[in-house]
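The end of the sequence shown is residue 385 by the working numbering, with every number in the run present.
Just so you know, even glycine gets a beta-carbon here, dropped at the ideal spot from N, CA and C.
The block underneath contains the structure these notes are about, expressed in structure tokens.
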Amino acid sequence: MRRIKELQERLNPKNSFEQRFNIEKDDKIHLLYVSPRLNATGYYRMIAPAVEINKTTTHRAIVTSIERYDFSSRLSDFVNQLDERLITWADYIILPALFSDVSYLVRAIKTLNPTIQLVMDVDKNYFAVPDTFPLSRKLTQEKLQSFQFNLGLMDLVTVANKPFQNFLQRLIDDRLENANTLVQHIPSLVSRFGYEEMLPIQKNKTGKLRIGIIKPTEEDLLPLKEVLFLLRKTFEDKIEIIYFGKPHSSKEVAKLLKDLDCEIHNTVSFLNYFEKLNSLQLDVVLLPSIESLFNRHQNNQLYLELSVFGIPVIASMYHPAKLLIKEEETGFIASEVPEWIEAVQLLITDKELIQKMSSALIKEVWRNASYSAKNLKEFNSMFI
């Protein structure tokens, strides 16, 4: 994360415009990423792409600032970041999902730079957020209406999930008859800049199979209760269950974790997230997921992160990661209870299998899901 931390320091508002931004003239295509948050979405969808793009000879990127505001913040709350000089410099402006009326701002941007292309990166399906999610209480109908209207103001909308791309394009075409918005799939990719100065991959030496559960929602976790109790009963002292994520307010989840005798690790700052994940020394991670439109449109960032550390997964058949998993080569897909148990049994009895899967995952993620020359070329081809 060294490069990311350096970027954050340079973008400190206390620094002068010239210290923060380089807008010297050149013949490259210019991308302006507006105020990503310092979380997984901001990192994968804006910060890492901007840093990687600047390695190329054809494109150049500027990040206006790195923010800590919540999703409902209005663009006008940080509009001072959209300096007129940056607007006239840019060929594309990439915005986060916006939930307030920004038509006035769009008009102002287009007046300053009539040829500019406006892009909104949408990280999840906000139209299908389950009622049990705290986020759903913030997503009023008014905010969703503004979000939908803003989609129609964009030239391009980018998403990380192909089924979500198809859904959102249909929604825009059906509901916004005057919009000419194109929805484009741009996958999240892993960047070596996120792992700078990282310790070597830490392997488990306890003799027990360390099974991870990472950042699950209550809605996805509780249906896995039977599997988890059966794992504990069947394998007893052969396994350790590690829970990593935000403390749950749900009494049912808290009781489940206590009854399972889980090793619990609270969430950490994203700047320390990769180091923390490495330190857990996990052998396998369970990816529970129920069938829902929201889950079908989720990204695969967690799967990519685990792959970097060579950690195989056992994923629900409803988890989008199933499209990336090669059965018994890079992971397992499970639906019925016995399939979860059999996968764990196989990992316990076949010690070499974890090593083979780990090696295959690391090769796969850096070959196919990183900012390789090929992927960078494909990425840049979206912005011409």
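Contact holds between the segment 326–342 and the segment 361–371, because three or more Cβ pairs, one in each stretch, are under 8 Å apart. Rounded to whole angstroms, Leu307 and Leu106 show a C-alpha spacing of 40 Å. When rounded, the separation of the alpha-carbon atoms in Asp221 and Arg108 is 42 Å. Counting C-beta pairs with one atom in each stretch, the segment 337–353 and the segment 362–381 have fewer than three that are closer than 8 Å, which means they do not touch. Taking the C-beta atoms as reference points, Ser290 is found nearer than 8 Å to Tyr319. A residue is called buried when at least 16 other Cβ atoms come within 10 angstroms of its Cβ; Thr42 meets this threshold and is buried. Bridge pairing for Leu283: absent [DSSP]. Cβ atoms of Ile54 and Leu32 come within 8 Å of each other, at about 6 Å. Contact between Phe168 and His298 holds: CB atoms are separated by about 6 Å, below the 8 Å threshold. With a 10 Å radius around the Cβ and a threshold of 16 neighbouring Cβ atoms, Glu68 comes out buried. Counting the other CB atoms within 10 Å of its CB gives Thr159 a total of 16 or more, which places it among the buried residues. By the criterion of a C-beta distance shorter than 6 Å, Gln118 is surrounded in its chain by Tyr93 and Asp156, once the five residues flanking it on both sides are discounted. In this model, Thr89 and Lys352 are separated by some 58 Å (Cα to Cα).
Cβ contact annotation for Asn296 (same chain, cutoff 8 Å, sequence separation greater than five): Asp221, Ser290, Tyr319, His320 and Pro321, in chain order.
About 6 Å separates the CB atoms of Asp124 and Arg46; that is less than 8 Å, so the two are in contact. Judged by their CB atoms, His60 and Asn381 are nearer to each other than the 8 Å cut-off. In the three-state reduction of the DSSP assignment, Val64 falls in the strand class.
As the crow flies, the alpha-carbon of Ile202 is around 6 Å from that of Phe310. In this structure, DSSP gives Phe333 an extended state, which the three-state scheme calls strand.
For the 8 Å CB-CB criterion, Leu87 and Thr57 do not form a contact. Using a 10 angstroms sphere on the CB of Phe275, the tally of other CB atoms reaches 16 or more, which defines it as buried.
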